[in-house]
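Okay, so here's the structure we're looking at.
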Amino acid sequence: MAQRLGDGGALNTPIQRRLLPAVLGLAAIAPFYGPLAVPGNALATRDFAFFHLPLRAAFARLVGEGLPLWNPWLHGGQPLLSNPSYGAFYPPNWLVLLVEPVTALAWLVIFHAAVAWAGAWALTRRLGASSVAAGLAAFAFVAGGFFVSLLHAYTLFAGLAWLPWTLWATVRLLAADTAWRRPAVMAAMTLAATLLNGEPVTVLISGLALLCFAATTLRRAPRVLLPVALATLLAAPQLVPTFERLRDSPRSGGLAVDQAGVWSTPPERLAELVVPRLFGDAMRSEEGLYFGGALLDREFPYVLSLYPGLLVFLLAIWALSRGDTAWRGAWLLMLIVGLGLGLGRFNPLFPWLVESVPLLGQVRYPEKFLLLALAALPFLAALGWQGLVEARRGGRLARLDVALVVAGLLAVAAGVGALVAARDPAWLRHMLQAGSSLQLSPEGLSRGTSLLARELGWSAATALASLAVLLSVRHRRWPMAWAASLLVLVVVGDLWRVGHSLVRVRPALELATSPPLVSDFTPSGQRIFVDEMFYRSGGQVLLGDQPGMAQENAKLGRLDPYSGLLWGLSYALHEDFDLMLTGWGRHALERLRQAWGDPWRTARLLGAWNVHHLVLRLPTDQQVVGGPPARVLDNGSGLPRYRFVRTVVFHRDLESAVAADWEGAGDYLLVDHWVRPEGADGEALERPRAEVLQVSEAGSRIALAFRAAGEGGFLVAAITYDEGWSAELGGEPIEIRPTALGQLGIALPPGAGRLELRYRDSSVFIGAVLGGVGWLLLVPLLWWRRRPTPSLA
């Protein structure tokens, strides 16, 4: 006879076993992520509107023009497929080709939440736990503060969603006696999905989790080499171009320790594991209700919430104390490694790790690695609950007393804190002033103390509720089904209270309508420049009438990169947010840094990059509520994107070309300096009579009709130089030279003609071939089975 569900037994029929996780998953996901399914809603979190959405919108537009090898709208043009931030090779992202990108990303959030739920359920069941325990793990994963708060970093959210499936396949792979090839293939496919998604830290997290499990069963550990190798092949279309680009990016050779350590987790913040808003509410920072800024880099947390749920935390700790918890050593390693890396520069070993482990030295924001530890807690909690059920059956509940004592102490501590705060809030005010990065007004201090007093009260109530759940298990006369129901109520209520506000939406129409600032210029065929990297007066903005949305509205209103892609704008020489600029792109940006401060040089240099409008951020004291957060300056030195130059001076190396250009008059219609290793250094040639007749641009292909008299003409294309560019005239190749500004320089013969420019990335082709090999290997590994040995009897 099937056992009752509350007792952790089996479900009655195969249909029930299949339907239950789907029904529960829908019930769990809908309250948190359901607003994103409403037509007309768009995700409204920190990086969404000015990074993830614009990049995918650009990808969708360029696919309509052919293979999207080159993005002409950012940095004066940059390779696209080699930048994993676009997620171009990740199949779920192709949804942006079928529906509007803002809708596609909303649906993809729900899809990845469902992936995470299903994976967490499957993993917990594979570990031998009951349906109740599986539901606990799945809900605690998808509704945990650490997972929901990743919505501001879409690729991090999507990458972590595959971790439960990777662990599920890894457990099968390492536990199987003989038939382990199919689990290896499944592990490879989930790892490949993480790789193709394009977030490098989630790749490292998945790899570290796999190694933690392999380390606990050394005899079978070599098996993990197969899924790693196969996943690398399957993801080669993205990996090969990316690694080729990394060699030329700011990440080549590793980041400096201070740069790699930005957004390390201060040890004090770990208190959020039991009191979720001890430092205030990060989602209400614009209202002055976040008070941990003085502790944190950039005065704000990267992972907005570390909270796993108090009862989840207690059950996880109890599971670790039990010697028979499934894969206890692997979970413990995940906690140790995740915590050690997440602390970043607060870990004394961090400088050595950054310098010794190449991949760690190429990623930023150590706080991301806390996700490795936090992701282990839901599964440990599920195993803890399963252990309670089994211990109660066997009459071995003495160890539960430790968890009861811890829960009781937390309840008392939080309760005392709430009472003291209510009667004498002076110590809370002192804590707020010490932790806040803002100068708090008396009103702000009053609101802050009220918020923290409420939070301490809620934490005390949650600790008492958790204590009640544990006591209901400890008390043998209390039916286990009742205890399971109480468990569900406490965990759901706790995580809902903390996590539901982390999902913020706004009308999608607001992202489809360009800001008023755009009416101040005509961007068609011209680029703009936004002074993001040169602005140094802090991040203060006016709150206006939309608290919680002021920062995002200000960024959209002043056209911070990359948001302008949503409205067809084209940028040049803006901040390199993802540190993936090519060498020539960095060269162009460095030239602007050198010129900045000299208005005359800056205007000429930006004008040479086809920048006709400068968007300059207004200081807070000059802003008006409801008014624009920036002003537009017309650049009278703006030049066409394709121009003929009267005189070109050739130099044998870039350094001499830059030096000569710096000393010159800066009129890029009269004189330009090109790099030509062969020939005489400093040779000047004049070809004054040439003109551009017509230009047709389609992504990585450009057709230009021209007419040149005399000896021909010197054409400069204000496009970032890259060795992937080639030029043909009448089917014959023409040499492309880099200019002192890092643009394309082409010497054209006399007469009328049609120049064809095309960008190719050979590493994409190599990656595609290797990916094809991976898929060819995948099929036989997935379906091949060893034939049984014939009996000799």
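Just so you know, numbering that gives the first Met the number 0 puts 568 at position 569 of the sequence shown, and the rest follows in order with no gaps. Glycine included, each C-beta is placed from N, C-alpha and C at the ideal position. From a predicted model like this one, the values you see are computed outputs, not experimental measurements.
Check                                                                                                                                                 : Outcome
Per DSSP, what kind of secondary structure is ARG124 in: helix, strand or coil?                                                                       : helix
Taking the beta carbon of LEU97 as the centre, do at least 16 other beta carbons fall within 10 Å, making it buried, or is it exposed?                : exposed
Rounded to whole angstroms, what's the CA-CA distance from VAL261 to TYR364? Just pull it up for me.                                                  : 5 Å
Output the distance between the C-alpha atoms of LEU463 and LEU195, rounded to the nearest integer angstrom.                                          : 44 Å
By Cβ distance below 8 Å, which residues in the same chain neighbour LEU776 in space, the five residues on each side in sequence not counted?         : LEU229 and LEU232
In the DSSP assignment, find the unbroken beta strand (DSSP E) run with PRO737 in it and report its ends.                                             : 735-737
Report the three-state DSSP secondary structure of ASP597 (helix, strand or coil).                                                                    : coil
Mapping the DSSP letters down to three states, classify LEU68 as helix, strand or coil.                                                               : coil
Starting from VAL274, follow the beta strand (DSSP E) in both directions and report where the run begins and ends.                                    : Looking at the DSSP string, VAL274 is not in any beta strand (DSSP E), and its letter there is neither H nor E.
How many whole angstroms separate the CB atoms of GLN236 and VAL763, which I take to be in contact at a CB cut-off of 8 Å?                            : The sequence given here places Pro at residue 236; Gln does not occur at that position. That pair is a contact at about 7 Å.
Under a Cβ-count criterion, where at least 16 other Cβ atoms within 10 Å of its own Cβ denotes burial, should ASP721 be classed as buried or exposed? : buried
Please report the straight-line C-alpha distance between GLY337 and ALA406, rounded to a whole angstrom.                                              : 24 Å
How many Å lie between GLY793 and VAL768 at the Cα?                                                                                                   : With the chain covering 0 to 792 only, the question about residue 793 has no answer from this structure.
Have a look at GLN258, ARG736 and MET579 and flag the residue whose alpha-carbon is nearest the alpha-carbon of ARG813.                               : Nothing in the structure corresponds to residue 813, since the chain is present only between 0 and 792.
What's the gap between the Cα of LEU501 and the Cα of LEU485?                                                                                         : 25 Å
Would you identify the three-state DSSP class for ILE718, choosing helix, strand or coil?                                                             : coil
Which whole-angstrom value is the C-beta distance of ARG616 and GLY524, which I expect to be below 8 Å?                                               : The Cβ separation is near 25 Å, so there is no contact.
Between GLY584, VAL517 and ARG592, which lies nearest to LEU558 when the distance is taken from Cα to Cα?                                             : VAL517
For the ligand COA, is there any heavy atom lying closer than 7 Å to the beta carbon of LEU408?                                                       : Although the ligand COA was asked about, the structure shown includes no ligands whatsoever.
DSSP has ILE527 in a bridge; who is on the other side?                                                                                                : TYR570 and HIS612
Reducing DSSP to helix, strand and coil, say where HIS474 ends up.                                                                                    : coil
Per DSSP, which residues does ALA683 bridge with? Please list them.                                                                                   : VAL648
Where do the ends of the alpha helix (DSSP H) carrying TRP495 lie?                                                                                    : 479-498
Taking its Cβ as the centre, do 16 or more other Cβ atoms sit within 10 Å of ILE701, making it buried, or is it exposed?                              : buried
Grab the span of the beta strand (DSSP E) containing ARG283 for me, first residue to last.                                                            : It is not in any beta strand (DSSP E) - ARG283 carries neither H nor E in the DSSP assignment.
Could you tell me the distance, in whole angstroms, from the CA atom of LEU126 to the CA atom of GLU574?                                              : 47 Å
Name the two residues that bound the continuous alpha helix (DSSP H) containing ASN196.                                                               : 180-196
Using DSSP bridges, identify the partner residues of TYR289.                                                                                          : GLY279
Whole angstroms are fine: how far does the CA of LEU332 sit from the CA of CYS211?                                                                    : 6 Å
To the nearest angstrom, how far is it from the Cα of ALA26 to the Cα of ARG180?                                                                      : 35 Å
When the distance is taken between beta carbons, is ALA213 closer than 8 Å to VAL223?                                                                 : yes
Quick one, are the C-beta atoms of LEU159 and LEU104 less than 8 Å apart?                                                                             : no
With the cut-off set at 8 Å, would you say VAL101 and ALA507 are in Cβ contact?                                                                       : yes
Tell me whether PRO347 is buried or exposed, calling it buried when 16 or more other Cβ atoms sit within 10 Å of its Cβ.                              : exposed
PHE312 to HIS74, Cα distance in whole Å?                                                                                                              : 45 Å
Using alpha carbons as the reference points, say which of PRO350, SER205 and ALA175 lies closest to LEU254.                                           : PRO350
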